[in-house]
Structures are given as C-alpha cells and as structure tokens.
Amino acid sequence: QDQSKPYDSKKDCWVPDAEEGFISAQVKSTKGDMVAVVTSRGNEEFHDVSVKHSKIFFVLVKHLFFQVTLKSELVQEMNPPKFEKTEDMSNLTFLNDASVLHNLRARYASMLIYTYSGLFCVVINPYKRLPIYTDSVAAMFMGKRRTEMPPHLFAVSDEAYRNMLQDHENQSMLITGESGAGKTENTKKVIAYFAAVGAS
-17 QDQSKPYDSK KDCWVPDAEE GFISAQVKST KGDMVAVVTS RGNEEFHDVS
33 VKHSKIFFVL VKHLFFQVTL KSELVQEMNP PKFEKTEDMS NLTFLNDASV
83 LHNLRARYAS MLIYTYSGLF CVVINPYKRL PIYTDSVAAM FMGKRRTEMP
133 PHLFAVSDEA YRNMLQDHEN QSMLITGESG AGKTENTKKV IAYFAAVGAS
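The numbering of the sequence shown is this note's numbering, which starts it at -17 and goes up by one.
Listed below in structure tokens is the structure:
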C-alpha cells in the first residue's frame, strides 16, 4: 500500500519539524533561495470543545494543511514509494537524514528492527523480547549469503564466520551505540550464534 502511493519527484519532499524531526511536504513555489511548501498533519485529531445549552459539542478536524516558507537548503528530497521500508538504505535514490529517519521509523513500526546501510547493520532496540533469536531462526541463516535473507544480526554473524573459514583471516564485528541501545544483548546473540553454528 505504501509503495503504490502517488509521488512527484519535483514536489514531494521532507522539511524540518520540531516534534517529528522531519515531516512530508509538497513544494508549491520557489523564489530565489526560499521555498514555499504545504505540509499535512492528516492523521492528527484536534478536538474543539464548546459548551452550548449544557451540551458539549466535539468538532473533529481530520486534515489540517499548513503552508510554510523556508530556505531551500532545509528541504530534503523524498524517495520514490518503491523504497518504502527498504532493507538496505544504500539503495535509496536520496540518502539524506530525513529519508534515513523515515525508513528506520517505518521499519521499526512494523517491528523490523534490523536495517542494512551498505556494510553496516543498523539496529533499533525494541525494548521487548522478540521471537527472532530462536534456534530455528538461527538455522535459517546458517550458510546463507547476506543478500538471501532479511537484515538480521545472524546474517552479519554468519558472514563473518564464513569469511573466517574461507579466507583463514581474523574477522571483527564492531557493536556500538548509546547506553541502553542493546550492545550487550546483541553481543550475547552473536556469541550464541557462533556457538550454534560451530556445533552444527
């Protein structure tokens, strides 16, 4: 559904937003280095409560449109819908902050916590247990190329393991992130995977 939505490469864009980071917009006009865009917060609900004759009336507004004028350097290109929830962000036509954040947010909303960006694997902590580290899941990744399977820590681990066996060279995996990002848990999963694949 998201991959078939209307798209205009010359109009659709991202603009900065204090709450969301970036929100989608459409270019309406350009004058010098200033761009006028229209943004929509279509999923927000605003309730206006008024009291008349001891009755409360709720007015629900579904679509509010805002026109904003800002410098062109703040406007970022939007990718075609075919890249919605892409597994590897290095494939994006426009690799900018807004597109990266949107892709990660969309995947995270679908509980797809792993996303590739070229050689890197970006992980977002779900802050809950997911059934994606079982022995049966690990077995699915054993001996498979990274491109054959969805993004996963096991795919990165298996690639390092296979390279070590084939090239007879040491391999390194750098797991980095902020405090609470899940570095320790991911390190445990890597070690558990190596133990499982080594015993198979």
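Every residue, glycine too, gets a C-beta built ideally from N, C-alpha and C.
(request) Kindly identify the DSSP beta-bridge partner or partners of K13. (result) For K13, which the question treats as bridged, DSSP gives the partners M16.
(message) Here's the rule: buried if 16 or more other CB atoms are within 10 angstroms of the residue's CB, otherwise exposed. What is I173?
(response) The residue is exposed, with fewer than 16 neighbouring Cβ atoms inside 10 Å.
(request) Select from N85, P(-2), K(-8) the residue whose C-alpha is nearest the C-alpha of Y98. (result) Selected option, being the one with the closest Cα: N85.
(request) Out of K10, R89, D79, point me to the one whose CA is closest to T51's CA. (result) A check of alpha carbon separations from T51 across K10, R89, D79 identifies K10 as the nearest.
(request) May I ask you to list the residues that DSSP assigns as paired with Q186? (result) Since the first residue of the chain shown is -17 and the last is 182, residue 186 is not available in this structure.
(request) Drop a sphere of 10 angstroms on the beta-carbon of G164, count the other beta-carbons inside from all chains shown, and report buried for 16 or more, exposed for fewer. (result) Buried: at least 16 other Cβ atoms inside 10 Å.
(request) Assess, as a yes-or-no matter, whether the stretch 105 to 115 is touched by the stretch 73 to 83 under the definition of 3 or more beta carbon pairs within less than 8 Å. (result) Contact between the stretch 73 to 83 and the stretch 105 to 115 is absent, because fewer than three Cβ pairs lie under 8 Å.
(request) Can you say whether M60 is buried or exposed, counting buried as having 16 or more other CB atoms within 10 angstroms of its CB? (result) By the neighbour-count criterion, in which a residue is buried when 16 or more other Cβ atoms sit within 10 angstroms of its Cβ, M60 is buried.
(request) Just confirm the distance between the C-beta atoms of P63 and Q(-15), as a whole number of angstroms; I'd bet it's less than 8 Å. (result) With a Cβ gap of about 5 Å, P63 and Q(-15) count as contacting.
(request) Could you tell me how far apart the beta carbons of M16 and K53 are, in whole angstroms, since I believe they sit closer than 8 Å? (result) Confirmed, Cβ separation roughly 6 Å.
(request) Report the option in E66, S72, V19, L74 whose CA atom is closest to the CA atom of R89. (result) In terms of CA proximity to R89, E66 leads the group E66, S72, V19, L74.
(message) Applying the 10 Å Cβ sphere with the 16-neighbour rule, what's the burial state of D(-10)?
(response) Around the beta carbon of D(-10), a 10 Å sphere encloses fewer than 16 other beta carbons of the protein chains shown; the residue is thus reported as exposed.
(request) Let me know the secondary structure DSSP gives F176 once reduced to three states. (result) The answer is helix: DSSP assigns F176 an H, G or I state.
(request) Put P(-2) into one of helix, strand or coil per three-state DSSP. (result) In the three-state reduction of the DSSP assignment, P(-2) falls in the strand class, which pools E and B.
(request) Could you tell me which residues DSSP pairs with A7 in its beta bridges? (result) Bridge pairing for A7: C(-5), T21 [DSSP].
(message) Mapping the DSSP letters down to three states, classify F76 as helix, strand or coil.
(response) If DSSP states are grouped into helix, strand and coil, F76 belongs with coil.
(request) Grab me the residues of G162's own chain with a C-beta within less than 8 Å of its C-beta, minus the 5 sequence neighbours each way, in chain order. (result) Same-chain partners within the cutoff: N107.
(request) For the beta strand (DSSP E) holding V105, just list the boundary residues, first then last. (result) For V105, the uninterrupted beta strand (DSSP E) run begins and ends at 102 to 105, by DSSP.
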